[in-house]
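Below: the structure, in structure tokens.
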Amino acid sequence: MIVMSFEWKEIEEKWRREWEKARIFEADPDPKREKCFVTFPYPYMNGPLHLGHGFTATRVDVYARYKRMRGFNTLFPWAWHWTGEPIVGAALRVKSGDKEIIRALKEIDGVPEEELKKFVDPVYMARYYTSEGKEAVKKIGFSIDWRREFHTTSLEPTYSRFIEWQYETLRKKGYVVKGTHPVVWCPHCKSPTGDHDRLEGEGVSAEEYTLLKFQFDDAYLPAATFRPETIYGVTNMFLNPDATYVEAMVDGEKWIISKEAALKLSEQLKRVKVLREFKGSELIGKYFVDPISKRKLPILPGWFVDPESATGVVYSVPAHAPADWIAIKDLVNKPDVLRRFGIDPEVVKSIKPISLIEVDGYGEYPAVEIVEKMGIKDQFDPRVDEATSIIYRKEFHTGILKPITGKYAGKRVQDVKSELIEDFKEAGIADSMYDLPEKVVCRCTTRCIVKVLSDQWFLRYSDPDWKQLAHEAIDRAKIYPEAARAYFHDKIDWLHDWACARRTGLGTPLPWSPGWIVETLSDSTIYMAFYTIVKHIRKHDIRAEQLTNEVFDYIFFGEGDPEKLAEASGIDAEVLEEMRREFTYWYPVDLRVSAKELVPNHLSFFIFQHTALFPRELWPRAIGVNGMLAIEGKKMSKSKGNFLTLSNAIDKFGADVTRLTLMLGAEDMDDPDWRVENARSIDSKLRGLYRFINEIIGLRGDSEEKSIDRWLMSAIQGRIRVVTEAIENLKTRTAAEVALFEVWNDIRWYLRRAESPNPKTLKEAVEIWIRLLAPFTPYLCEELWHLLKKGEFVSTAEWPSYDESKIDVKAEESENMIRDLMADTGSIIEVTKMTPKKICYYVASGWKWKAYLEMMRKSLSAKVEMGAIMRELMKAPDLRKEAKRVSAYVGKTLQEINTMSVDQKKRRLEAGELNEKALLNEAKRFLEREFKAEILIYSEDDPQRYDPKKRASLAKPYRPAIYIE
RNA sequence: GCGGGGGUGUCCGAGUGGUCAAAGGAGGCAGGCUUAGGACCUGCUGGCGUAGGCCUGCGCGGGUUCGAACCCCGUCCCCCGCACCA
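Next comes the structure, spelled out in structure tokens:
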């Protein structure tokens, strides 16, 4: 009696131990074997691994296990990312007793109380999650070579040395340069305020305003705008009478700006010296000069002007800015207000909008039109913003500049905008500043500003030559799915210089600039190279200081003489040579997989840096991109409380169930959705599979090979081909689906169909089946495999090869014929509502087959016409004898032939004439069982046939005629 | 707004010009097996139909074609990313 049930934990632990004992996932260079080097981006250790990590990494592991079975020397290493600020930030929050984070650590991450206390130390925290993470990775059964494990930062000195070498090399090659950069900045914390450090203003980033410098006596009024082209339509200025303005020297010029603006500009690398403060009202009613037209224009009161926004100086273009038009209209209606500021109401009344942009669907003054159309009453109407945005978008995208704009006339706004800004700056009438379009508040409750950092170190991802190389690397690589290729190209073009050093957090200090550390996305770009040598560093106890730049130059670039390097570094020449050999053996990376969110950053950086540092033959060979995991239909998030750690999932469902459920969730860039219900169903499927295979293994004996045996082996070959191709292209869902369900259905059909199932056929099928499933559910397959073959791992068994010789088109087409016939029979029974006692089948006679195949042959090259085909067919004497019936048959069959797909025609031609009578006789008892009726089989011309309704002549190839009573 | 992906039957999800009323799975219904079953097996799961057929149908509206879920144009909607951060 075979045991028909099992405990996941038991078999998983058993096989994990066996694998570790046999060291089957430890891979060393073997020049005789082709290698395969796959990687998963090391996870950041500020928390436990979650199911999303599990999803992506399982895809890597499936590929790795498959390749290993294909005979590749396969290396799948693992490491841990500690670089960055969040771990330090979290430790600080624990230290300060932040309730929110403590609750999250306890409830979501499951950190025990006594451990939690130690989390005030960020390094302890990282170590804790690393060791928890490693347990989870082992439990889920990834085929990792753990000898190559490491973590990042200066706490792993040899890795740190590797990063130093990388950055010194990049700098030497001119890829790292010094520059300036605007960041959202907290004046209190004196540090950049990232999205996660904000109370308010998530997603808000610095925007660059153009400042147009209008003349006012010996000073300038720098008005801020995103639409500098509208200077041609300026009619007046607005200042807030109640706001505080200053006169300040800014880089040697006298500017009039809001008090707040002066502070902001001083943080943007401008020398600012405030001369005096005054209320805006002081300037209301005075005149300024437009630098383009030299017209003198009035300064009007505008309470809507926000001194917190940019310079607090606003110029007015009523033709194209709804807010400006409304503000003027409001003033016209309040002559007393104007008089209070000493302004003659006639001055405002006489302001005429000046049109400068021609735009479809609007007349001279789009702003005036939209205000009227929307019925906006005054400047306090909330729809002013909406109107502004509609006009702005429309004019930017489709607007054509009018003659008043001089050299820009006739061009589209969006095409000349940047040129125009350059020109204005050149002419000294424009400048720029950064500001935030919305309020941003730091976690410390201070309002943030934009600061331009100097002395910043940048990776020059904006460099066109470097971009070119990155594009080339993408073009040379395989990208799964292919649709992601365009995404990469787009993101490579879009990337600009990347500030690659930070002041705070864990990491590797920038070697030439103390006080800076290499930023987290920048120290994780070529570390896969480190996997190839870290094993030797450990084995030979090599210290960081021995790993000089020259040593790395030798290992990774092949530069220098190992003997001399040995002397200088104290590392044996043989060891150096071995490391060099190991690097060149494993490199390049054959596959790297991540979720699509990493395309614009990590994966693109990975590509960029490989092209900067390595020759083309060492550029990555393939990149896989996948979707992002949702839990029960919702995006996974700690704050929403639907966060599922990898470890929890495995404990609850087992490793194989977790893996297979994930793999069946989605492929390509689709987002998989984890549902407990699915996992449960997969669990019961796998238990069923276990019983099913056990029963098959228990079968004894042998019997003769029938058409249905050939059918099963042929069908299984098709499954092998599909699964193999799918995994090759990282279509892991398709592969899992076919390997599990389609193969199962094939075998099920075989068992139902075959009079007496042939154990030999079944065992062959099962051996293939287990191996096809092994990359997905390695533990269960290992268990099953050992029931078949003692002492051999399925993990290292040979992948089933597609055997062309076992493809039997005739057997497959025969089976299709029988299935179709059963469906037709069933349909008749259903419609007529009879309970059949007797079912008669009449198979088509030889001449029909001859005509049918001939028509198909002809139709491969051209459409078959009645006349031509009849002339052709009449050449054969046996058909000529039946000319009348042939002609009727051909007429009826013509359309079927002409609309059949080429593929199908080829299959049927290859199958040739089926001996339908023999096939049906072979299936007779099966059909009788299925329909619970007597089955009678005749040739249509059989004079002995029972055919009371004269249906026999309806027989066609592949469609025997049917009579039921 | 820009860029990428997508809208298919109750649900998830295949499907890129004819083999498509549309794979596979889930759910539902019916039957079988069984002491019982949330285990297993079989069938059904758009509508109509007393003979293997017909009609409707793949976000919406047009078009190309002998023929369209698949190609073209327009349109609406959904998801993801948009930077100093893992």
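To convert, take the position in the first sequence, counting from 1, and add 390; that gives the numbering used here. Ideal Cβ placement from N, Cα and C applies to all residues, glycine included.
Terminal residues of the beta strand (DSSP E) in which residue i lies
| i | result |
| --- | --- |
| Glu590 | Arg588 to Glu590 |
| Asn463 | Asn463 to Leu465 |
| Tyr599 | Glu597 to Phe606 |
| Glu667 | Val662 to Lys669 |
| Pro756 | Per DSSP, Pro756 belongs to no beta strand (DSSP E); it is in the alpha helix (DSSP H), Pro756 to Met764. |
| Ile689 | Lys686 to Pro691 |
| Glu1007 | Where Glu1007 is concerned, there is no enclosing beta strand (DSSP E), given that its DSSP letter is neither H nor E. |
Three-way DSSP call (helix, strand, coil) for residue i in this model
| i | result |
| --- | --- |
| Arg892 | strand |
| Trp405 | helix |
| Ile392 | Caution applies to Ile392, whose pLDDT of 46 falls short of 50 and renders its modelled position unreliable; the value that the coordinates give is listed next. It is coil, neither helix nor strand. |
| His571 | strand |
| Trp472 | coil |
| Cys1171 | helix |
| Leu728 | helix |
| Arg1142 | helix |
| Trp1064 | strand |
| Ala1308 | helix |
| Ile869 | strand |
| Met627 | strand |
| Ile781 | helix |
| Ile1087 | helix |
| Gln846 | strand |
| Asn1016 | strand |
| Asp825 | strand |
| Lys1238 | helix |
| Val1356 | With the chain running from 391 to 1355 in the structure shown, residue 1356 is simply not present. |
Residues near residue i in its chain [Cβ-Cβ closer than 8 Å; skip 5 each side]
| i | result |
| --- | --- |
| Lys1314 | Ile1325 and Ile1327 |
| Gly960 | Gln936 |
| Ser1104 | Lys1196, Ile1197, Asp1198, Val1199, Ala1201 and Glu1202 |
| Val478 | Pro512, Thr894, Gly895 and Leu896 |
| Lys1253 | Asn1288 |
| Pro547 | Arg933 and Ala934 |
| Ala1020 | Met1026, Asp1061, Pro1062, Asp1063 and Trp1064 |
Close Cβ partners of residue i (< 6 Å) along its chain, the five nearest in sequence each way excluded
| i | result |
| --- | --- |
| Ala335 | Limits of the chain in this structure are 391 at one end and 1355 at the other, which puts residue 335 out of reach. |
| Thr543 | Trp472, Thr473, Leu896 and Gly897 |
| Ala614 | Tyr599, Leu601, Ala700 and Thr701 |
| Gly925 | Just to set this straight, residue 925 is Lys in the shown sequence, not Gly. Same-chain partners within the cutoff: Arg537 and Arg538. |
| Pro572 | Ala596, Tyr824, Val840 and Val842 |
Beta-carbon separation (whole angstroms), residue i vs residue j, contact threshold 8 Å
| i | j | result |
| --- | --- | --- |
| Thr570 | Leu885 | Between Leu885 and Thr570 the Cβ distance is about 18 Å, and since that is not below 8 Å, they are no contact. |
| Val1133 | Arg1109 | 5 Å |
| Lys529 | Ile1040 | 5 Å |
| Gly531 | Tyr1080 | Their Cβ separation, rounded to whole angstroms, is 17 Å, which puts Gly531 and Tyr1080 out of contact at 8 Å. |
| Ile780 | Ile760 | 6 Å |
| Val510 | Ala481 | 6 Å |
| Thr795 | Tyr622 | 5 Å |
| Lys1121 | Glu1057 | 5 Å |
| Ile1400 | Ala1144 | Outside the shown range of the chain (391 to 1355) lies residue 1400, about which nothing can therefore be said. |
Cut-off 7 Å between Cβ atoms - residues of its own chain near residue i, not counting five sequence neighbours on either side
| i | result |
| --- | --- |
| Glu1172 | Trp405, Phe1183, Val1184 and Ser1185 |
| Ser699 | Asp825 |
| His440 | Met1026, Phe1033, Leu1034, Thr1035 and Leu1036 |
| Ser822 | Glu598, Tyr599, Thr600 and Leu601 |
| Pro1347 | Ala1234, Lys1238, Trp1239 and Tyr1242 |
| Met515 | Ile477, Ala480, Ala481 and Phe509 |
The ligand MN heavy atom lying under 6 Å from the CB of residue i
| i | result |
| --- | --- |
| Asp821 | This structure does not include the ligand MN; it has no bound ligands of any sort. |
Segment limits, alpha helix (DSSP H) that includes residue i
| i | result |
| --- | --- |
| Ser1037 | Leu1036 to Phe1043 |
| Ile1117 | Ser1097 to Glu1118 |
| Ile882 | Ala874 to Trp884 |
| Ile1158 | Pro1149 to Leu1163 |
contact_flag[the segment 429-438, the segment 970-987] where n(CB pairs < 8 Å) is 3 or more: yes
Touching by the beta-carbon criterion (3+ pairs, under 8 Å), the segment 654-664 and the segment 676-684: no
Three or more C-beta pairs below 8 Å linking the segment 1226-1242 and the segment 1259-1271: Touching, per the Cβ criterion.
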